[in-house]
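What follows is a short report on a single structure.
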Amino acid sequence: MIDESLVTTIGADKPNSLQTLRANISEIVERYEVLTTNLAASVIITSPEHGVLFCSPFTHVLTGYSVEDVFESEGDFLESITVEEDLDRYNRARMVSSIGEDILVRFRIRHRSNINLWLEARMVPICDDEGEVISVMTVAIDVTDTLNYQKQIEEQNQDLNDFSYMISHDLKAPIFTIKGMATALAEDYKDTLGEDGSQLINYILQGASRLEHLVASVLEYSAVSTGTSSEQDIPLALTLNNVMDDFRELINETNAQIILPEDLPIVRGNDVRLYQVFSNLFGNALKYRSPERTPEIRVVVKPHNSQFIIVSVIDNGSGIPKERLEDVLRPFHRAHGSEIEGSGIGLACVKKIVERLGGTINVQSEVGSGSNFSVKLPLPKANPREVPQELARAFE
Amino acid sequence: MKILLVDDNGAHRAITKRALTKTIAHCEFIEADSLNFAREILRKGIVKFSLAVVDLNLGDGRGTEFITELRNHPEYNELPIISLSTSTLAEDAKESYQAGASCYIPKGDNVEIFTQNLTQAISYFSVFTITSANGADT
Numbered sequence: 070m071i072d073e074s075l076v077t078t079i080g081a082d083k084p085n086s087l088q089t090l091r092a093n094i095s096e097i098v099e100r101y102e103v104l105t106t107n108l109a110a111s112v113i114i115t116s117p118e119h120g121v122l123f124c125s126p127f128t129h130v131l132t133g134y135s136v137e138d139v140f141e142s143e144g145d146f147l148e149s150i151t152v153e154e155d156l157d158r159y160n161r162a163r164m165v166s167s168i169g170e171d172i173l174v175r176f177r178i179r180h181r182s183n184i185n186l187w188l189e190a191r192m193v194p195i196c197d198d199e200g201e202v203i204s205v206m207t208v209a210i211d212v213t214d215t216l217n218y219q220k221q222i223e224e225q226n227q228d229l230n231d232f233s234y235m236i237s238h239d240l241k242a243p244i245f246t247i248k249g250m251a252t253a254l255a256e257d258y259k260d261t262l263g264e265d266g267s268q269l270i271n272y273i274l275q276g277a278s279r280l281e282h283l284v285a286s287v288l289e290y291s292a293v294s295t296g297t298s299s300e301q302d303i304p305l306a307l308t309l310n311n312v313m314d315d316f317r318e319l320i321n322e323t324n325a326q327i328i329l330p331e332d333l334p335i336v337r338g339n340d341v342r343l344y345q346v347f348s349n350l351f352g353n354a355l356k357y358r359s360p361e362r363t364p365e366i367r368v369v370v371k372p373h374n375s376q377f378i379i380v381s382v383i384d385n386g387s388g389i390p391k392e393r394l395e396d397v398l399r400p401f402h403r404a405h406g407s408e409i410e411g412s413g414i415g416l417a418c419v420k421k422i423v424e425r426l427g428g429t430i431n432v433q434s435e436v437g438s439g440s441n442f443s444v445k446l447p448l449p450k451a452n453p454r455e456v457p458q459e460l461a462r463a464f465e
Numbered sequence: 269m270k271i272l273l274v275d276d277n278g279a280h281r282a283i284t285k286r287a288l289t290k291t292i293a294h295c296e297f298i299e300a301d302s303l304n305f306a307r308e309i310l311r312k313g314i315v316k317f318s319l320a321v322v323d324l325n326l327g328d329g330r331g332t333e334f335i336t337e338l339r340n341h342p343e344y345n346e347l348p349i350i351s352l353s354t355s356t357l358a359e360d361a362k363e364s365y366q367a368g369a370s371c372y373i374p375k376g377d378n379v380e381i382f383t384q385n386l387t388q389a390i391s392y393f394s395v396f397t398i399t400s401a402n403g404a405d406t
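Residue numbers (my numbering), protein chains in the order written: chain R, 70 to 465; chain Y, 269 to 406.
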């Protein structure tokens with residue numbers, strides 16, 4: 070937000086101190102010049118009638134062309150150095166900003182030294198009181214590195230996807246063979262094997278099942294980082310309703326009491342991912358219930374700040390021993406040994422999903438009392454288009 | 269009943285045959301271990317089969333190609349066709365149905381469930397005689 074003192078100094082004093090008015094304006098211009106000189110971004114302000122009104126010094130660093138070159142350029146300066154394939158996109162953005170909408174656009178330019186760079190530019194129209202566009206401010210930064218990293222990540226994801234497919238098929242085939250053949254042996258040679266022999270076969274079958282389970286878990290875990298990540302504003306009430314519907318049978322069987330708050334927030338995320346998070350947490354709460362009491366699962370919502378909210382799933386189950394607490398969110402760990410079926414991947418997936426959404430997960434637990442899994446989730450973004458009125462006036 | 273079984277994995281064919289034998293009285297199997305060989309059998313037309321069980325991942329191609337060819341064949345366009353695969357990807361089921369399979373069964377879980385799934389699928393194609401647990405025909 071703009072510094073209040075910058076705004077109130079104009080007009081605050083009486084008109085007969087023209088001197089004061091001039092001094093105030095000088096001060097503002099000076100501050101403004103300091104800002105734009107030191108800003109590591111190119112700021113170019115153009116008007117339809119007068120061409121370039123302002124060009125920040127960093128433009129020279131970003132493009133290789135001097136501020137004079139920008140002022141002297143025929144037509145739009147950035148357009149003249151935009152790479153051909155991106156010209157359409159750049160010009161479309163210019164058109165949008167010229168009719169009063171601000172817009173973000175990414176395009177490549179040819180730096181004077183002949184290398185190509187990716188720029189990300191925000192074009193902000195500056196309007197008069199009637200809403201007519203009098204000038205457009207373009208703030209551009211270099212995002213070449215960011216995009217390179219993004220490309221690297223996309224390539225790695227593709228590799229991981231291919232790898233997952235291979236595992237899904239290639240590992241499962243021999244597992245099916247082991248199970249099928251062991252079962253066939255047990256059936257056809259029952260008499261020869263006797264009880265001891267049949268038990269050996271059982272061990273083979275159990276091992277194969279465990280192997281299959283692990284393969285499925287690895288796939289699930291890798292799917293978290295390569296799956297869809299489209300983001301929307303999701304009402305948690307809907308997510309939790311779906312989770313409860315899916316656990317209806319188990320909830321009824323165990324007579325579990327589910328307590329939800331009256332107001333569940335809307336969070337920023339992906340509906341499938343959020344479902345996975347709460348399905349996992351609810352599933353665990355039910356799975357690790359205490360044999361001594363009726364299971365009770367409470368969902369509690371606590372505001373954190375303007376960007377995040379904390380949703381806790383609290384159960385009265387068996388709890389997790391202190392020594393194991395740190396490890397419980399890691400892949401392939403299980404705090405309860407092998408008595409209760411599980412692969413130890415669920416919570417690791419939850420952690421990964423939550424972190425990908427920009428949040429965090431925290432666990433507190435006490436053996437004999439139960440556990441509290443708290444998930445910090447992002448709230449929907451406030452409207453990003455807020456050019457402060459005072460800043461707009463400074464250009465009139 | 270003559271059953272065409274297409275799967276490039278010999279051990280899997282054995283497992284599938286055992287499961288089918290438990291389900292259907294008097295089966296006779298015609299086996300193909302590749303897409304090409306299955307096409308040969310279709311082309312030669314020596315044997316007429318009443319059920320086809322096709323694995324999706326054949327060494328030399330996709331099982332769905334063969335399923336489409338079966339559906340386009342004048343003699344077999346109404347044939348009960350079961351597709352199998354080891355990968356439990358939703359895409360496999362979708363692809364199978366789009367190619368014209370009557371039913372998709374995953375080769376996962378344990379053999380009892382696999383057998384049960386086959387039995388259930390086949391009970392929908394009621395032309396077959398189902399053997400009951402003690403071997404008597406129903």
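Think of the CB as a built atom: it goes at the ideal place given N, C-alpha and C, for glycine as much as any other residue.
CB contact check: R/THR261 to chain Y, cutoff 8 Å: no
Any C-beta of chain R sitting closer than 8 Å to the C-beta of Y/ASN277? Answer yes: the Cβ-Cβ gap between Y/ASN277 and chain R drops below 8 Å somewhere.
Under 6 Å Cβ to Cβ from R/ASN441, same chain only, skipping five residues before and after it: list those, please. SER381, ILE383 and GLN433
Taking all protein chains shown into account, decide if Y/THR397 is buried (16 or more other Cβ within 10 angstroms of its Cβ) or exposed. Low confidence applies here, because Y/THR397 scores a pLDDT of 46, under 50, leaving its location unreliable; read the following figure in that light. Exposed, since its Cβ has fewer than 16 Cβ neighbours within 10 Å.
Between R/VAL152 and R/ILE184, is the Cβ-Cβ spacing less than 8 Å? no
Check Y/ILE309 in the structure and name its three-state DSSP category. helix
Residue from R/ILE97, R/ASP260, R/PHE351 and R/ILE210 whose Cα sits closest to the Cα of R/GLN326: If you compare the alpha carbons of R/ILE97, R/ASP260, R/PHE351 and R/ILE210 with that of R/GLN326, the shortest gap goes to R/PHE351.
Could you check which residue in R/VAL205, R/LYS259 and R/VAL293 has the C-alpha nearest to that of R/VAL419? Considering only alpha carbons, the answer is R/VAL293.
Can you check whether the C-beta of R/ALA253 is within less than 8 Å of a C-beta belonging to chain Y? Closer than 8 Å to some Cβ of chain Y, the Cβ of R/ALA253 qualifies, so yes.
Tell me whether R/ASP145 sits in a helix, a strand or coil according to DSSP, three-state version. coil
By the DSSP assignment, the alpha helix (DSSP H) with R/ASN321 in it spans what residues? Going by DSSP, R/ASN321 is part of the alpha helix (DSSP H) stretching over 317-323.
For Y/ARG281, go through chain R and note every residue whose CB falls closer than 9 Å to its CB, in chain order. Per Cβ cutoff of 9 Å: no residues; Y/ARG281 is ~10 Å from chain R at best.
Based on Cα-Cα distance, which residue from R/LEU274, R/SER387, R/LEU240 and R/VAL397 lies nearest to R/LYS356? Comparing Cα-Cα distances from R/LYS356 to each of R/LEU274, R/SER387, R/LEU240 and R/VAL397, the minimum goes to R/SER387.
Straight-line CA distance for Y/THR336 to R/SER348? 39 Å
Buried or exposed for Y/HIS294, going by 16 or more other Cβ atoms inside 10 Å? exposed
Residue from Y/PHE393, Y/LEU319 and Y/LEU273 whose Cα sits closest to the Cα of Y/PHE305: Y/LEU273
Can you find a CB in chain A that lies within less than 8 Å of the CB of R/MET250? Annotation note: the requested chain A is absent from the structure, which comprises protein chains R and Y.
Taking DSSP as the reference, what is the three-state secondary structure of R/ASN441? strand
Where R/SER434 falls: helix, strand or coil (DSSP): strand
Could you compute how far the alpha carbon of R/GLN345 sits from the alpha carbon of R/THR323? So the alpha carbons of these two residues sit roughly 22 Å apart.
With 16 other CB atoms within 10 Å as the buried threshold, where does R/SER125 fall? R/SER125 comes out buried.
Taking only runs that begin and end inside the region 179-211 of chain R, name each unbroken beta strand (DSSP E) of 3 or more residues, in chain order. Secondary structure within the region 179-211 of chain R: the beta strand (DSSP E) runs of 3 or more consecutive residues, fully enclosed, are 185-196 and 202-211 (chain order).
What does R/ALA292 touch in chain Y if you count any residue whose Cβ is under 8 Å from its own? Within 8 Å Cβ-Cβ: nothing; R/ALA292 doesn't reach chain Y, min ~11 Å.
Run of the beta strand (DSSP E) containing R/GLY338, from where it starts to where it stops: 335-338
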